[in-house]
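Peer 1: Chains as they are written, first to last, in the working numbering: chain S, 1 to 177; chain R, 178 to 354.
To start, I am sharing the structure in question, which I have written as structure tokens.
2 protein chains.
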Amino acid sequence: MAYIKVEEGIPGIRSLFKFSPETGKPLCDLAEVLLRGPSPLSSSERELIAAFVSNRNNCMFCMNSHAAAARFLFDEDKQVVDDLLKNQTADSLSPKMKALLWIAGKVQSNGKSVTPEDIENARKEGANDTDIHDTVLIAASFSMFNRYVDGLDSYTPANEEDYLEMGKRMGQKGYHI
Amino acid sequence: MAYIKVEEGIPGIRSLFKFSPETGKPLCDLAEVLLRGPSPLSSSERELIAAFVSNRNNCMFCMNSHAAAARFLFDEDKQVVDDLLKNQTADSLSPKMKALLWIAGKVQSNGKSVTPEDIENARKEGANDTDIHDTVLIAASFSMFNRYVDGLDSYTPANEEDYLEMGKRMGQKGYHI
Chain S
1 MAYIKVEEGI PGIRSLFKFS PETGKPLCDL AEVLLRGPSP LSSSERELIA AFVSNRNNCM
61 FCMNSHAAAA RFLFDEDKQV VDDLLKNQTA DSLSPKMKAL LWIAGKVQSN GKSVTPEDIE
121 NARKEGANDT DIHDTVLIAA SFSMFNRYVD GLDSYTPANE EDYLEMGKRM GQKGYHI
Chain R
178 MAYIKVEEGI PGIRSLFKFS PETGKPLCDL AEVLLRGPSP LSSSERELIA AFVSNRNNCM
238 FCMNSHAAAA RFLFDEDKQV VDDLLKNQTA DSLSPKMKAL LWIAGKVQSN GKSVTPEDIE
298 NARKEGANDT DIHDTVLIAA SFSMFNRYVD GLDSYTPANE EDYLEMGKRM GQKGYHI
């Protein structure tokens with residue numbers, strides 16, 4: 001039972017969008033443009049950053065759903081998702097993605113902890129302004145989505161399998177409300 | 178100098194909205210509906226929660242601008258803003274606002290730290306589902322805005338006076354891009 005009266009059986013953030021469609025609309029618009037709009041980062045890479053930040057915030061709903069979306073989008077290369085989230089290794093990712101995930105981890109902790117050296121290192125590995133902008137905003141926005149879902153204790157399905165269909169739908173159809 | 182190339186002289190998050198208007202639009206829509214749309218909480222109370230969370234995240238741009246907006250909206254009662262942010266006392270606020278600020282502080286730290294007792298206490302002081310929802314989402318969304326502004330090291334005017342006009346404009350005209 002969530003802390004506020006939401007429709008039962010609707011998982012996670014979707015029950016909150018239904019409780020408050022006025023705020024749900026811009027939140028969905030943000031997820032859609034940030035994870036699926038134009039960016040030098042692929043949608044699979046952006047979903048991976050979202051799952052990585054959610055994992056660090058211990059938000060099981062966002063972590064499982066965005067990990068499922070990332071696995072769907074990485075397709076044959078989906079092992080990179082579990083390598084990162086379960087085995088804590090980024091060895092199968094590009095040096096640019098490693099440098100951007102380092103920045104995302106800093107932002108998850110506190111915006112001020114990002115240093116000029118972190119940015120310089122990402123640039124050396126090929127990241128441009130938009131890569132850096134999008135990484136910071138994905139990490140920042142999941143610092144919001146995670147707190148919204150957990151701060152209201154919304155319903156979180158327990159098993160990874162429960163998120164398979166959700167991840168596929170997110171990867172295929174996105175986040176329009 | 179911000180970490181990415183933004184137009185000089187435009188402060189804080191507005192320089193980032195100009196860099197990325199595609200994400201700026203839903204972010205402004207969110208701020209507008211969340212801080213100024215229908216809610217049992219007044220806009221002054223919602224601006225105060227935003228400034229309180231930004232202060233705890235040490236985000237000087239968001240803290241100063243939303244504190245200025247709260248002072249403008251509280252008008253004759255503006256002392257409550259400095260009581261809370263500078264003197265660390267909530268004694269001039271209602272028991273309901275105190276209980277909601279307690280929840281906002283928990284969300285700022287981590288969504289999972291909010292307990293059923295925190296919610297029960299807010300309800301005892303008169304908070305309903307929408308009060309609680311809006312408080313959690315304001316605290317969550319400023320956990321994003323703060324990280325976005327500071328994670329990209331955007332330009333932050335140094336003096337409280339620099340935010341006077343900004344706060345007045347936010348209080349009067351809001352957040353449409």
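No residue lacks a Cβ here, since even glycine has one placed at the ideal position from N, Cα and C.
These numbers were taken from a predicted model, which means no experiment stands behind them.
1. What does the Cβ neighbour count give for D268 of chain R, buried or exposed, with the cut at 16 atoms within 10 Å?
2. Please classify T23 of chain S as buried or exposed, where buried requires at least 16 other C-beta atoms within 10 Å of its C-beta.
3. Mind listing which residues of the segment 7 to 37 of chain S have their C-beta closer than 9 Å to chain R's C-betas, in chain order?
4. Between D162 of chain S and R169 of chain S, what straight-line distance do the alpha-carbon atoms span, to the nearest angstrom?
5. Would K5 of chain S count as contacting chain R if we go by Cβ distances under 8 Å?
6. Report yes if the CB atom of A362 of chain R is closer than 8 Å to the CB atom of S192 of chain R, and no otherwise.
7. Less than 7 Å separating the Cβ of P38 of chain S from some heavy atom of the ligand NAD?
8. Flag G348 of chain R as yes if its beta-carbon sits less than 8 Å from any beta-carbon of chain S, otherwise no.
9. Compute the Euclidean distance between the alpha carbons of T135 of chain S and S94 of chain S, then round it to the nearest angstrom.
10. Does DSSP put M178 of chain R in a helix, a strand or coil?
11. Confirm, please, whether the CB-CB distance from K25 of chain S to I138 of chain S is below 8 Å.
12. Under 7 Å between beta-carbons, which chain R residues line up against D77 of chain S? List them in chain order, please.
13. Inspect the CB distances between the segment 108 to 127 of chain S and the segment 325 to 343 of chain R and report whether three or more fall short of 8 Å.
14. Looking at F145 of chain S: is its Cβ nearer than 8 Å to the Cβ of I10 of chain S?
15. Starting from the beta carbon of I309 of chain R, find every residue of chain S whose beta carbon is closer than 8 Å, and list them in chain order.
16. Below 8 Å between beta carbons is the criterion; list the residues of the segment 217 to 234 of chain R that meet it against any residue of chain S, in chain order.
17. Leaving out the 5 sequence neighbours to the left and right, which residues in its chain are closer than 6 Å to F142 of chain S when beta-carbon positions are compared?
18. What is the rounded straight-line gap between the Cα of S44 of chain S and the Cα of M240 of chain R?
19. Determine whether the Cβ of A99 of chain S lies closer than 8 Å to any Cβ atom of chain R.
Peer 2: In short:
1. exposed
2. buried
3. L16, F19, S20, E22, T23, K25, P26, L27, C28, D29, L30, A31, E32, V33, L34 and G37
4. 13 Å
5. yes
6. This structure gives no information on residue 362 of chain R, because the portion of chain R shown stretches from 178 to 354.
7. For the structure depicted, the ligand NAD is absent and the ligand set is empty, with no information on it obtainable.
8. no
9. 15 Å
10. coil
11. no
12. None at all; the shortest Cβ gap to chain R is about 27 Å.
13. yes
14. no
15. Y3, I4 and L152
16. N234
17. A50, V53 and S54
18. 34 Å
19. no
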